[in-house]
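A short write-up of the structure that comes next.
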Amino acid sequence: MRNPIHLVRDFYHSTVTELKKCTWPTWSELQESTVVVTFAVALLSVFVFTTDYVIQLAIRAVTASF
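Using the working numbering, the letters of the sequence shown correspond one by one to residues 79 to 144.
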């Protein structure tokens, strides 16, 4: 069995090598993606809130009649 220190070192070196092969976004691409993701999360949050509220009202209406 190999030395655990050597295994960690090899893992680290291979990780660094793979990260150097990556194409990283430019600053403007990163900003644009951030705006898109923020807008999508806000839109999804409004949708979930609205759906939850409507279902809550429906359940209250059904249970109030019993």
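For glycine and all other residues, C-beta sits at the position ideal for the given N, C-alpha and C.
Computed from a predicted structure; not experimentally measured.
Beta-carbon spacing of residue i, residue j below 8 Å
i, j, result
"residue 92", "residue 103", "no"
Same chain, Cβ closer than 8 Å to residue i, five either side skipped, listed in chain order
i, result
"residue 96", "none"
Neighbourhood of residue i by C-beta, 7 Å cutoff - its chain only, sequence neighbours within 5 removed
i, result
"residue 141", "none"
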